[in-house]
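Down below is the structure, laid out as structure tokens.
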């Protein structure tokens, strides 16, 4: 109806108005339900759960399935490329309802969403509705039965992981890993492989995603990825962009992450110590100094002896580096003295 009105002239004639207004009135005007807490405090949209409106009891999916078919769903999915964010938001709700009520269309909907993603990845590299489709998939994944089918794991690795730069991927990935932890290693390694090098806001986004995954990771899977993961975290702590360093250091405020670190401190502390120790003295931001102090304090409480060993090793390496610099400077002084003692040779070689 909207498309017809948009692409044709003089179609909204006077007889149309009463019908449109009547349609709106029938569907929208109703007696609102009483407050869920009439005698209590005023409703707080940030704290309280809203009382959602019940859908029509007259709707019967067994009758509607004659009309809401694959063609209807395909046309609906095409509209997700609209530039209007409000339209995409309503489409997201509509498609999610259809997926929930029409069991026979579920596989088809997943397949067509896959096709949109494949087209985006390998052909167009542009689609306006990727974020909304990823949000729908997050809910769909949440409803997958256990054990996960092999096709679902392939879908995660081949279709979803290329969308590492979309914030909504974190929710989809977490839903998958909560149901089956076996794809954890390829998911984490894919994030590390595509880690932004020069875009700090994206780095912060990746740190958010990584922590969301760590919140649900199994200890056995964590061991497989902890070394490359903390090497990347060490780089983030050393970042001159304070938001990147700050977000990385907030990992030490996460109780579950700290329990994983504590169980594997012998491997993790030697990786993190040089970055933490160096930036505790050289980072330009005072907030980072405080967060680094907190991280070092936690490491001391965890493994005092290992911390002392790392401190001694760091001092030894620093001394070794200092001696190496002195040897290098002495070598250059000798070369300079030889050049001064033999100016004729130098002049001959230059000419």
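Residue numbers (the UniProt record's numbering): 1 to 351.
Glycine included, each C-beta is placed from N, C-alpha and C at the ideal position.
Take residue 196, set aside five residues on each side of it, and the residues of its chain with a beta-carbon closer than 7 Å to its own are 202, 203 and 206, in chain order.
By the Cβ-count criterion, residue 132 is buried, with 16 or more other Cβ atoms from all chains shown falling within 10 Å of its own Cβ. Restricted to the segment 184-238, the alpha helix (DSSP H) segments that are unbroken, complete and at least 4 residues in length are 184-193, 200-214 and 219-237, listed in chain order. Under the 8 Å Cβ criterion, the segment 100-107 counts as touching the segment 63-72, having at least three qualifying pairs. The alpha-carbon of residue 145 is positioned some 12 Å away from that of residue 175.
Residue environment analysis places residue 6 among the exposed positions, since fewer than 16 neighbouring C-beta atoms fall within 10 angstroms of its C-beta. Collapsing the DSSP output to three states places residue 244 in a helix. By the Cβ neighbour-count rule, residue 313 is exposed, with fewer than 16 other Cβ atoms within 10 Å of its own.
Straight across, the Cα-Cα distance linking residue 22 with residue 13 is about 15 Å. Residue 125 and residue 85 have their C-alpha atoms spaced approximately 19 Å apart. Annotation for residue 7: the continuous alpha helix (DSSP H) segment containing it runs 2-7.
For residue 138 against residue 168, the beta-carbon gap comes to about 7 Å, under 8 Å, which counts as contact. Three or more beta-carbon pairs drawn from the segment 258-277 and the segment 295-306 are found closer than 8 Å, and the two stretches are therefore classed as touching. Note that the C-beta distance between residue 151 and residue 181 is not below 7 Å. Residue 252 is not a Cβ neighbour of residue 214, given a cutoff of 7 Å. Across the structure, residue 341 and residue 335 are spaced so that their CA atoms are roughly 10 Å apart.
Here the alpha carbon of residue 74 sits roughly 56 Å from the alpha carbon of residue 293.
By the neighbour-count criterion, in which a residue is buried when 16 or more other Cβ atoms sit within 10 angstroms of its Cβ, residue 194 is exposed.
The C-beta distance from residue 226 to residue 264 rounds to 6 Å, short enough to fall under 8 Å.
For residue 180, no alpha helix (DSSP H) run applies, since DSSP gives it neither H nor E. A distance below 6 Å between beta-carbons, with the five flanking residues on each side excluded, links residue 209 to the following residues of its chain, in chain order: 170. Separation of the CB atoms of residue 76 and residue 136 is rounded to 11 Å, and the pair is thereby denied contact status at 8 Å. Residue range 85-101 is occupied by the alpha helix (DSSP H) that includes residue 99.
Apart from the 5 residues on each side of it in sequence, residue 117 sits with its Cβ closer than 6 Å to the Cβ of 159 in its chain, given in chain order. Spatial neighbours of residue 190 in its own chain (CB-CB distance under 7 Å, excluding positions within 5 residues in sequence) are listed in chain order as 161 and 164. Its Cα nearest to that of residue 2, the residue 79 stands out among 261, 18, 79 and 66. Straight across, the Cα-Cα distance linking residue 91 with residue 184 is about 31 Å.
At the C-beta level, residue 177 and residue 216 come within 7 Å of one another. Between the C-alpha atoms of residue 281 and residue 173 there is a straight-line separation of about 37 Å. Less than 7 Å divides the Cβ of residue 273 from the Cβ of residue 310.
About 15 Å separates the beta carbons of residue 248 and residue 260, which is beyond the 8 Å limit, so they are not a contact pair. Separation of residue 286 and residue 229 (C-alpha to C-alpha, rounded to the nearest whole angstrom) is 26 Å.
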